[in-house]
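J.: In the UniProt record's numbering, the protein residues as written are 1 to 375.
Below is a structure I'd like to ask you about.
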């Protein structure tokens with residue numbers, strides 16, 4: 001892996017669509033600790049316009065192979081459609097370059113396992129963008145939980161209630177299992193339930209439902225799960241893109257306090273509410289100490305990655321952590337489409353849900369009527 005004990009770190013972006021702008025904004029805001037030196041896009045004119053806005057001196061490359069041959073990089077940002085994430089990340093790792101991958105990291109657990117194997121083999125980090133873990137309030141919550149101040153976690157709710165109009169799916173890769181991997185469970189709510197899992201730890205079992213309520217997609221537009229965690233906590237998880245009043249909401253009920261956040265695409269400290277249980281009012285004072293108003297964002301995660309790489313530490317979110325979150329998504333689909341509870345680790349071997357989030361079991365699949373007719 002490239003020696004990154006220096007600053008600025010040298011980085012490049014592959015794919016210059018909408019989400020790449022969040023990465024470039026973060027890089028610009030973190031200067032001079034990190035510098036964007038190159039961009040890659042199949043559409044050269046789009047790459048040139050992107051570079052002109054964010055890094056006028058950046059080199060333009062037609063493909064990743066040319067990028068890795070032409071630049072010595074400390075980090076590469078993969079901001080392309082989901083079906084390309086793992087092949088591009090593997091190419092980066094084999095070139096010795098840590099990869100920061102937009103969600104979803106992979107389209108299936110089998111594909112994720114391939115990425116995990118290459119990361120372990122090469123010793124090069126593969127990281128996933130789960131920026132809500134890096135907001136100041138979420139870090140404070142985790143610290144208080146880990147030091148025992150909040151007591152045992154008991155109940156949680158996790159809601160991603162968003163709205164996407166039908167024209168959102170005019171892009172040919174949206175709403176398709178084979179390209180996007182799934183609906184809001186994979187592409188929207190995954191940020192919220194990743195923070196849920198990062199806070200509460202390993203999940204043990206879940207029961208789920210999924211439906212296509214309104215949108216012209218192959219994938220679901222709503223899913224719901226009831227989850228039991230290894231520590232005994234119980235949670236509900238709702239992912240929707242048919243909800244006109246959009247909100248992202250998490251609530252944690254611990255023995256000694258309730259901690260809640262409601263926001264949309266990124267939270268500040270003011271979006272959080274802390275309610276101490278009777279007899280534990282001093283916890284509210286502890287919560288309020290050293291509160292930062294910085295928004296949870298790509299910048300907060302990329303800043304933490306830069307710090308870790310320069311210090312030769314372990315940046316987050318690692319491919320192993322991201323795999324656990326992806327397994328939760330796969331289990332949600334498997335439970336919903338099979339109509340049975342799913343335990344952690346159950347999706348393995350020749351299970352169809354290891355190879356595809358749809359598991360060849362999507363009840364509204366156009367293939368299903370044909371199969372029924374031929375029986």
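Don't be surprised by glycine CBs; every beta carbon is placed ideally from N, CA and C.
Use the C-beta contact count for residue 223: other C-beta atoms within 10 angstroms, 16 or more gives buried, fewer gives exposed.
T.: buried
J.: Might you give, ordered along the chain, the residues of its own chain that have their beta carbon closer than 6 Å to the beta carbon of residue 118, omitting 5 neighbours on each side?
T.: 90 and 93, listed in sequence order.
J.: Which same chain residues, not among the five before or five after residue 369, have their C-beta less than 7 Å away from its C-beta?
T.: Model confidence at residue 369 stands at a pLDDT of 36, short of 50, so the residue's coordinates are unreliable and nothing is read from them.
J.: Check whether the Cβ atoms of residue 115 and residue 99 lie closer than 7 Å to each other.
T.: no
J.: Do residue 354 and residue 141 have their CB atoms nearer than 7 Å?
T.: no
J.: With DSSP collapsed to three states, give me the class of residue 357.
T.: coil
J.: Which residue from 67, 22 and 46 puts its Cα closest to that of residue 10?
T.: Closest by alpha carbon: 67.
J.: Quick check: what's the CA-CA separation for residue 49 versus residue 346?
T.: 47 Å
J.: Indicate the three-state DSSP secondary structure (helix, strand or coil) for residue 161 in the structure shown.
T.: strand
J.: Can residue 242 and residue 235 be called in contact, C-beta distance under 7 Å?
T.: no
J.: Can you give me the C-alpha to C-alpha distance between residue 280 and residue 304, rounded to a whole angstrom?
T.: 32 Å
J.: Given residue 131, which residues of its chain have a CB within under 7 Å of its CB, disregarding the five upstream and five downstream residues?
T.: 296, 297, 298, 300 and 301
J.: List the endpoints of the continuous beta strand (DSSP E) containing residue 272.
T.: 272 to 276
J.: Give a yes or no on whether the C-beta atoms belonging to residue 418 and residue 357 are separated by under 7 Å.
T.: Since the first residue shown for the chain is 1 and the last is 375, residue 418 is missing from the structure and cannot be characterised.
J.: For residue 231, count neighbouring Cβ atoms within 10 angstroms of its own Cβ and tell me buried if that reaches 16, exposed if not.
T.: exposed
J.: Distance check for residue 128 and residue 316, CA to CA, integer angstroms please.
T.: 8 Å
J.: Would you mind reading off the limits of the alpha helix (DSSP H) that contains residue 432?
T.: Absent from the structure is residue 432, since the part of the chain shown begins at 1 and ends at 375.
J.: Should residue 290 be labelled buried (16 or more other beta-carbon atoms within 10 Å of its own) or exposed?
T.: Its Cβ having fewer than 16 others within 10 Å, residue 290 is exposed.
J.: Could you spell out where the beta strand (DSSP E) holding residue 237 opens and where it closes?
T.: 234 to 240
J.: In the structure shown, what three-state DSSP assignment does residue 61 receive?
T.: Note: residue 61 maps to strand in three-state DSSP.
J.: How about residue 344 and residue 203: are their beta carbons less than 7 Å apart?
T.: yes
J.: For residue 209, which of helix, strand or coil comes out of DSSP?
T.: strand
J.: Buried or exposed for residue 147, please, with buried defined as at least 16 other CB atoms from any protein chain shown within 10 angstroms of its CB.
T.: exposed
J.: Pick from 261, 121, 212 and 61: whose alpha carbon is nearest that of residue 159?
T.: 261
J.: On the premise that residue 198 lies in contact with residue 390, defined as a C-beta separation below 8 Å, what is that separation, rounded to the nearest angstrom?
T.: A query on residue 390 cannot be resolved here, the shown segment of the chain reaching from 1 to 375 and no further.
J.: Can you tell which of 196, 339 and 177 has the C-alpha that lies nearest to the C-alpha of residue 259?
T.: 196
J.: Note down the Cα distance separating residue 120 from residue 314, rounded to an integer number of angstroms.
T.: 13 Å
J.: So for residue 13, helix, strand or coil by DSSP?
T.: strand
J.: Helix or strand or just coil, what does DSSP make of residue 177?
T.: helix
J.: Return yes when the Cβ of residue 218 is within less than 7 Å of the Cβ of residue 325, no when it is not.
T.: Note that the C-beta distance between residue 325 and residue 218 is not below 7 Å.
J.: Among all the DSSP beta bridges, which residues are the ones paired with residue 121?
T.: Among the bridge pairs identified by DSSP, residue 121 is matched with none.
J.: Just the Cα atoms here: how many angstroms apart are residue 44 and residue 340?
T.: 48 Å
J.: Verify whether the separation of the beta carbon atoms of residue 377 and residue 270 is less than 7 Å.
T.: Outside the modelled stretch of the chain, which goes from 1 to 375, sits residue 377, for which no answer is possible.
J.: Use the C-beta contact count for residue 307: other C-beta atoms within 10 angstroms, 16 or more gives buried, fewer gives exposed.
T.: exposed
J.: Excluding the five sequence neighbours on either side, which residues of its own chain have a C-beta within less than 8 Å of the C-beta of residue 367, listed in chain order?
T.: Annotation note: pLDDT 42 at residue 367 (below 50); position unreliable, coordinate value reported separately. Counting only Cβ-Cβ distances below 8 Å, and skipping sequence neighbours, we find nothing.
J.: Do residue 12 and residue 88 have their C-beta atoms closer together than 7 Å?
T.: no
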